[in-house]
Amino acid sequence: MTDRLLREQDMSDQRVAIITGASQGIGAGLVAAYREIGYAVVANSRSIQSGDDPKVAAVPGDISDPATAERIVKTALDRFGRIDTLVNNAGIFVAKPFTDYTPEDYKNVLNINVGGFFYLTQQVIEPMLRQGGGHIVNITTTLVESARSDIPSVLASVSKGGLAAATKSLAIEYADRGIRVNAVAPGMIATPLQGGATPEQLAQYHPMKKAGTVEDVAHGVIYLERAPLVTGEFLHIDGGQSAGR
Ligand SMILES: NC(=O)c1ccc[n+]([C@@H]2O[C@H](COP(=O)([O-])OP(=O)(O)OC[C@H]3O[C@@H](n4cnc5c(N)ncnc54)[C@H](OP(=O)(O)O)[C@@H]3O)[C@@H](O)[C@H]2O)c1
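First residue of the sequence shown? That's 6 in our numbering, and the numbers climb one at a time after it.
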């Protein structure tokens with residue numbers, strides 16, 4: 006078989022995931038998890054760099070810029086020929102008492118957490134419909150449903166709560182056209198976002214008294230990937246935080 010035929014055959018069998026916020030933390034764990042199940046990955050973040058794996062295409066860029074979404078989708082289609090999954094993972098967390106938030110905080114959190122979801126999700130719908138289906142996962146936070154007085158963070162609730170609502174809305178809009186839309190709501194996961202808090206400190210927020218790892222979150226996302234009848238679902242990966250205390 007010629008190289009071209011081999012490449013075409015490879016492209017037609019190859020499943021492809023787009024993962025945003027992929028340079029560290031949960032996003033980097035998701036890249037590893039999707040590679041492990043054989044997906045090619047288009048990985049985005051502002052600082053992301055290409056590595057040695059030819060099945061990972063890095064697309065640096067700010068996800069709040071619609072032009073970044075266009076470049077991500079173009080790269081996925083040019084390089085791998087299709088888009089099966091999008092994980093909207095890139096996000097920032099700004100926790101402050103409500104009246105301390107500045108207009109700049111509001112703009113940044115909404116532009117990245119909501120704008121990033123909005124522009125890129127719009128762009129993947131058409132290729133997914135053309136292929137007959139796809140899967141979109143939005144990374145939210147368990148704080149949407151279980152707010153805490155010791156972590157005041159209304160902008161996380163506004164932005165991730167918006168994604169949670171959009172998850173159900175999009176799941177229903179596309180339910181009979183093969184696109185599933187789910188959300189994963191992490192609790193306290195040991196990543197750079199937690200600013201150096203130790204796993205022991207993070208564990209105190211979870212009734213299970215165990216901090217989360219990026220692998221815990223990746224397991225949840227891969228479960229949803231392999232659950233063909235599940236759509237519009239919120240999967241909490243939070244050691245019981247959302248269940249009560
Ligand atoms: N860790 C937790 O306990 C926890 C809990 C609940 C929810 N979450 C959510 O899980 C997601 C991942 O969190 P994490 O803990 O892995 O955070 P993290 O360690 O801070 O990583 C965030 C990732 O997002 C990227 N990013 C930030 N701003 C971006 C932008 N404007 N455009 C593109 N990429 C951007 C960062 O890379 P660059 O700097 O290179 O852009 C990085 O790769 C976030 O949505 C967060 O809200 C985390």
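For every residue, glycine included, the Cβ atom is placed at its ideal position computed from N, Cα and C.
Fair warning: this is a prediction, and the values are worked out from it, not measured in the lab.
For the options PRO191, GLN19 and LEU115, the alpha carbon positioned closest to that of ALA208 is the one of PRO191. Residue pairing of PHE239 in beta bridges, as defined by DSSP: ALA188. Check the Cα spacing between TYR228 and each of PRO108, HIS211 and VAL142: the tightest is with VAL142. In the three-state DSSP reduction, ALA22 falls in the strand class (E or B).
Sequence-distant partners of ALA180 (beyond 5 residues in either direction) whose C-beta falls short of 8 Å from its own C-beta, in its chain, are THR236 and GLY237. Secondary structure at VAL119: helix, using DSSP grouped into helix, strand and coil. DSSP places ASN143 inside the beta strand (DSSP E), whose first and last residues are 139 to 144. When secondary structure is reduced to three states using DSSP, PRO65 falls in the strand class. By the neighbour-count criterion, in which a residue is buried when 16 or more other Cβ atoms sit within 10 angstroms of its Cβ, GLU230 is buried. Look at ALA152 here: in three-state DSSP terms it is coil, with no helix or strand label. When secondary structure is reduced to three states using DSSP, ALA248 falls in the coil class, being assigned neither helix nor strand.
Proximity of the beta carbon of PHE123 to ligand 1 is not indicated: no heavy atom of the ligand is located closer than 7 Å.
For VAL92, the uninterrupted beta strand (DSSP E) run begins and ends at 90 to 93, by DSSP. When C-alpha distances from GLU150 are compared across GLY245, ARG51, ASP18 and PRO233, the shortest belongs to GLY245.
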